[in-house]
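In full-length UniProt numbering, the protein residues as written are 1 to 262. Idealized CB from N, CA, C, for every residue including glycine.
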């Protein structure tokens with residue numbers, strides 16, 4: 001378009017196809033000049049995002065990534081393309097998208113396979129009337145924060161950098177998001193109802209009213225603690241032991257026993 005135009009828009013005509021692509025073009029008049037604005041085809045994108053498996057296991061690890069056991073997943077990103085414009089234009093075009101995992105969360109719980117990063121920019125070729133899919137493989141290393149689902153987000157835009165192509169209609173989305181929850185093996189409701197029972201015993205006897213005095217001849221005090229869960233799985237359970245300053249922790253021997261009752 002010329003840099004200096006006077007009275008641009010004094011006349012407008014949009015009835016003819018001047019470049020032979022079966023799309024009506026617009027001619028805009030100015031003082032001593034006319035500008036031809038070629039119409040661009042309009043497309044609509046319908047994205048979908050499906051993750052397999054649909055939930056992340058807190059207990060099971062089915063692969064190894066970066067030398068660690070991990071839970072591996074795969075996401076199928078698909079685009080269904082429809083044209084809002086009639087005409088003989090090239091119905092193939094490119095799209096750029098960026099997939100992200102927990103983008104706004106501090107600390108990396110998940111990463112894409114290959115790069116090991118939380119962001120994965122890619123380019124995809126689409127065509128009108130077809131459904132085109134791309135597989136996104138990622139893994140989860142840290143499952144300690146199992147209350148918040150892993151967020152998989154994909155933002156996308158048409159790529160017309162190499163050649164002139166279509167534009168998105170105003171009703172087309174430009175992003176899609178999937179929440180991938182954690183499976184805690186706590187029944188159909190996925191809510192863990194626990195029943196923790198604590199029993200403690202010492203090899204000395206005493207109370208606040210009648211304390212037991214540990215004399216110099218006695219070098220050890222043994223404490224035995226049993227923590228039992230009688231219902232569904234309990235995660236991130238902690239046990240605290242406090243003692244007076246004149247005692248020093250010499251050793252700690254954990255013993256774990258699994259008893260499954262159905």
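query: Which residues mark the beginning and the end of the beta strand (DSSP E) in which residue 230 is found?; result: From DSSP, residue 230 is part of no beta strand (DSSP E); its letter is neither H nor E.
query: Is it the case that the Cβ atoms of residue 96 and residue 195 are separated by a distance below 7 angstroms?; result: no
query: Taking DSSP as the reference, what is the three-state secondary structure of residue 98?; result: strand
query: By DSSP, does residue 257 sit in helix, in strand, or in coil?; result: coil
query: Give the straight-line distance between the Cα atoms of residue 179 and residue 49, rounded to the nearest whole angstrom.; result: 10 angstroms
query: May I ask you to verify whether the region 33-47 touches the region 72-82, counting CB pairs closer than 8 angstroms and requiring at least 3?; result: yes
query: In chain order, what residues of the same chain lie with their CB nearer than 7 angstroms to the CB of residue 119, ignoring the 5 residues before and after it?; result: 98 and 100
query: Within its chain, find whatever has a CB closer than 8 angstroms to the CB of residue 192; leave out the 5 residues flanking it on each side and keep chain order.; result: 184, 186, 232, 233, 234 and 235
query: Is it true that the CB of residue 51 sits closer than 7 angstroms to the CB of residue 33?; result: no
query: Can you tell which of 129, 57, 110 and 104 has the C-alpha that lies nearest to the C-alpha of residue 65?; result: 110
query: Measure how close the beta-carbons of residue 175 and residue 153 come, nearest whole angstrom, since I'm counting them as under 8 angstroms.; result: 7 angstroms
query: Please tell me whether residue 189 and residue 42 are closer than 7 angstroms, where the distance is taken between their beta carbons.; result: no
query: What residue does the beta strand (DSSP E) around residue 12 start on, and which one ends it?; result: 11-13
query: Name the DSSP bridge partner or partners of residue 127?; result: 92
query: Could you pull out every residue in the same chain whose Cβ sits closer than 6 angstroms to the Cβ of residue 91, ignoring the five residues on either side in sequence?; result: 127 and 128
query: What are the start and end residues of the beta strand (DSSP E) that includes residue 29?; result: 26-30
query: Taking the CB atoms as reference points, tell me whether residue 11 and residue 29 lie closer together than 7 angstroms.; result: yes
query: Taking the alpha-carbon of residue 53 as reference, which of 24, 71, 207 and 106 has the nearest alpha-carbon?; result: 71
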